[in-house]
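*Asks:*
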Amino acid sequence: MTDNQNLLAEQRRALILDEVRRRGGVRVNELTRRLSVSDMTIRRDLDALARQGMLAKVHGGAVPVVEASTHEPGFEAKSVLEPSAKDEIARAAAALVAPGSAIALSGGTTTYALARHLLDVPELTVVTNSVRVADVFHEAQLAGSGGESRRGAATVVLTGGMRTPSDALVGPVADRAVRSLHFDLLFLGVHGVSVEAGLSTPNLAEAETNGCLMRSARRVVVVADHTKWGTVGLSSFAALDEVDTWVTDGAMSGEVRAEILEHVPGLTVAGEEQA
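Start counting the sequence shown at 1; every next residue gets the next number (full-length UniProt numbering).
Next up, the structure:
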């Protein structure tokens, strides 16, 4: 049997990862039957996911990677994970932003992707504690100084603070800056989400800063791909019920979507028509 043409490798690996996390482990022969692909294809997929640190291979299958709750990957390490899903989420999230809005973007690779999709929205005020997000707007403005810009010329407010491995600015300085501001929408990237732990991060100072961002926003939009579900960091900073909208990708399972909707009023799945 030839490999299943109906699934791209990235989609197939997303399904494999979802099964591993949901069930606590999978066997190669189970995956070959479910996905209608060869044993060799599944083993290549498991090799690729293991190299990315997304799962651990065992004899005949794979199991989840157990990371310390304080482990915080750097920005570059996170940026290579699920890039297509993050871009789809960013495009869908950008559609929620009206011209002239005051918005906030937290640190993270998904909010970084979102920033690139906001460059054409006119008259935005953008508050962020992400050095990378601020750089997106700054570089666009520099590029437009020669008259070549198609950019919306956003006003960007970058908080101060201590820099985390993911290039977010956190701590008392950032917290004071955020508390004095008020914005229409907060787009929040997260390290992990679960029903029990809510939204969590491995960084204690970032947890406090994220909490301040949420309290200063009229609406909170979580932008997180399917791999964040079930991950729990050291510090929880909000319950799921405090989120207004979740924007995710199509690889999120139906079971998890239903669970999210028990707690979050709005769920947007990028690339799918909304009811």
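We put the beta carbon where it would ideally sit given N, CA and C, even for glycine.
Could you work out which residue in V193, R218 and G271 is closest to A239 when comparing CA atoms only?
*Replies:* Translated into the one-based positions of the sequence shown, residue 239 becomes position 239. Taking only the C-alpha atoms, the option nearest A239 is V193.
*Asks:* Determine the closest residue to G271 out of R215, A251 and E262, with distance taken between C-alpha atoms.
*Replies:* Position 271 of the sequence shown holds residue 271. Out of R215, A251 and E262, A251 has the C-alpha closest to the C-alpha of G271.
*Asks:* Taking the beta carbon of L142 as the centre, do at least 16 other beta carbons fall within 10 Å, making it buried, or is it exposed?
*Replies:* Counted from its first residue, the sequence shown places residue 142 at position 142. With fewer than 16 other Cβ atoms within 10 Å, it is exposed.
*Asks:* Can you grab the Cα-Cα spacing for the pair S149 / E139, in whole Å?
*Replies:* By 1-based counting over the sequence shown, the position of residue 149 is 149. By 1-based counting over the sequence shown, the position of residue 139 is 139. Its pLDDT being 48, under 50, S149 is placed unreliably in this model, and the value from its coordinates should be taken loosely. The straight-line gap from Cα to Cα measures roughly 11 Å.
*Asks:* Thinking C-beta only, is G107 closer than 9 Å to L199?
*Replies:* Working through the sequence shown from its first residue, we reach residue 199 at position 199. Working through the sequence shown from its first residue, we reach residue 107 at position 107. With respect to the 9 Å criterion, L199 and G107 are not classified as neighbours on the basis of their beta carbons.
*Asks:* With DSSP as the reference, label L267 as helix, strand or coil.
*Replies:* Within the sequence shown, the letter at position 267 stands for residue 267. Strand.
*Asks:* Following the continuous beta strand (DSSP E) through A102, name the residue where it begins and the one where it ends.
*Replies:* For this step, residue 102 is matched to residue 102 along the sequence shown. Here the beta strand (DSSP E) through A102 covers A102 to L105.
*Asks:* When we look at the beta-carbon of S130 and count the other beta-carbons within 10 Å, is it buried (16 or more) or exposed?
*Replies:* On the sequence shown, residue 130 is found 130 positions in, with the first residue counted as 1. Burial call: buried.
*Asks:* Are the beta-carbon atoms belonging to L261 and V221 less than 9 Å from one another?
*Replies:* As a first step, residue 261 is located in the sequence shown; it is residue number 261 there, counting from the start. As a first step, residue 221 is located in the sequence shown; it is residue number 221 there, counting from the start. Their beta carbons are not under 9 Å apart, which means L261 does not touch V221 by this criterion.
*Asks:* For a minimum of 3 consecutive residues, which ranges assigned as the beta strand (DSSP E) are wholly contained in the segment 183 to 214?
*Replies:* 183 to 188, 192 to 194 and 198 to 201
*Asks:* Whose C-alpha, out of E208, T164, R179 and F187, is nearest the C-alpha of S216?
*Replies:* As a first step, residue 216 must be located in the sequence shown, where it is residue number 216. Closest option to S216, Cα to Cα, is R179.
*Asks:* Skipping 5 residues on each side, what residues in its chain have a beta carbon closer than 6 Å to that of T245?
*Replies:* In the sequence shown, the residue the question calls residue 245 occupies position 245. Once the five neighbours on either side are set aside, the close Cβ partners of T245 are V221 and G266.
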